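Visitor:
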Ligand SMILES: C[S@@+](CC[C@H](N)C(=O)[O-])C[C@H]1O[C@@H](n2cnc3c(N)ncnc32)[C@H](O)[C@@H]1O
């Protein structure tokens, strides 16, 4: 059986308001990701959320002093429609990795997006080379990774492609993409959850 596009799955979720549960579920990890990345970004800064879903992280970023603007990008029509209905930020309906922004950013944030791609390592390189200002910071979180065995059944359960990589493979991909000062963290780990794997790095 062929897999369905992740963007179709998430449009279905948006129409069933399942984006709200996802927002609540991701909040603890994203709070840690923003804390660690904002400590490394100089204000004023611009930001982009890649695979932004309903745009909740963009709204959080725009509320932070020093953030000039936050842009959201997602390939799900229903998610972007919802994002636009919930605030007046800039949201782009676009399939990645093909789409390119018309500006570069100081902070690139992404939560639970990268592994839906066939080649996440290439996306990291494109983000580094084409989306970021010099000195910019990328922070990305993923819950589907080798060390999180509870996540291994997700592709089959959802019939969606997911690329499974280990923590060390993600780190190597960050370095190969050109990032420096690469750090790997586990965010929001608790009993029964090994944590969101967070990668953070700088464009020199
Ligand atoms: C698990 S959701 C996470 C959404 C949001 N980051 C959050 O934390 O609520 C993954 C998002 O990535 C988007 N996505 C998946 N593959 C994509 C692609 N190739 N291009 C653009 N967006 C994509 C989906 O439409 C979905 O909204």
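Residue numbers (my numbering): -4 to 199. Virtual Cβ for every residue (Gly too), placed ideally from N, Cα, C. All values reported here derive from a predicted model rather than from experimental measurement.
(1) Can you tell me the Cβ-Cβ gap for residue 101 and residue 36, rounded? I've got them flagged as a contact below 8 Å.
(2) Taking the C-alpha atoms as reference points, what is the distance between residue 108 and residue 92?
(3) According to DSSP, simplified to helix, strand and coil, what is residue 162?
(4) Does DSSP put residue -3 in a helix, in a strand, or in coil?
(5) With distances taken between CB atoms, is the gap from residue 66 to residue 34 smaller than 9 Å?
(6) Label residue 103 either buried or exposed according to how many other C-beta atoms from any shown protein chain fall within 10 Å of its C-beta, with 16 as the threshold for buried.
(7) Once DSSP output is grouped into helix, strand and coil, what is the label at residue 141?
(8) Which word fits residue 171, buried or exposed, when buried means at least 16 other C-beta atoms lie within 10 angstroms of its C-beta?
(9) Which of helix, strand or coil does DSSP assign to residue 47?
(10) Give a yes or no on whether the C-beta atoms belonging to residue 61 and residue 84 are separated by under 9 Å.
(11) State the Cα-Cα distance for the pair residue 191 and residue 182, rounded to the nearest angstrom.
(12) Check for me: the alpha helix (DSSP H) holding residue 102 runs from which residue to which?
(13) Taking Cβ positions, are residue 6 and residue 72 nearer each other than 9 Å?
(14) Answer yes if the stretch 129 to 137 comes into contact with the stretch 14 to 31, meaning at least three C-beta pairs across the two stretches below 8 Å, and no otherwise.
Guide: Working from what's here:
(1) Your numbering for residue 101 matches position 106 in the chain shown. Your numbering for residue 36 matches position 41 in the chain shown. Their Cβ separation, rounded to whole angstroms, is 6 Å, which keeps residue 101 and residue 36 in contact under 8 Å.
(2) Residue mapping note: residue 108 aligns to position 113 of the chain shown, counting from 1. Residue mapping note: residue 92 aligns to position 97 of the chain shown, counting from 1. Near 11 Å, if we compare the C-alpha coordinates of residue 92 and residue 108.
(3) Indexing the chain shown from 1 puts residue 162 at position 167. Residue 162 sits in a helix when the DSSP states are folded into three classes.
(4) For the purposes of this step, residue -3 is taken as the residue at position 2 of the chain shown. Reduced to three states, the DSSP call for residue -3 is coil.
(5) As a position in the chain shown, residue 66 is number 71, starting the count at 1. As a position in the chain shown, residue 34 is number 39, starting the count at 1. Cβ atoms of residue 66 and residue 34: not closer than 9 Å.
(6) The residue given as residue 103 occupies position 108 in the chain shown. It counts as buried.
(7) One-based indexing of the chain shown puts residue 141 at position 146. If DSSP states are grouped into helix, strand and coil, residue 141 belongs with coil.
(8) Position 176 of the chain shown, counted from the start, is the residue given in the question as residue 171. So residue 171 counts as exposed.
(9) The residue given as residue 47 occupies position 52 in the chain shown. Here residue 47 sits in coil by DSSP.
(10) Position 66 of the chain shown, counting from 1, holds the residue named residue 61. Position 89 of the chain shown, counting from 1, holds the residue named residue 84. Cβ distance not < 9 Å, so residue 61 and residue 84 don't count as in contact.
(11) The residue given as residue 191 occupies position 196 in the chain shown. The residue given as residue 182 occupies position 187 in the chain shown. For residue 191 and residue 182, the distance between alpha carbons rounds to 5 Å.
(12) By 1-based counting over the chain shown, the position of residue 102 is 107. Here residue 102 belongs to no alpha helix (DSSP H); instead the beta strand (DSSP E) covers 100 to 106.
(13) Counting from 1 along the chain shown, the entry for residue 6 is found at position 11. Counting from 1 along the chain shown, the entry for residue 72 is found at position 77. Their beta carbons are under 9 Å apart, which means residue 6 touches residue 72 by this criterion.
(14) yes
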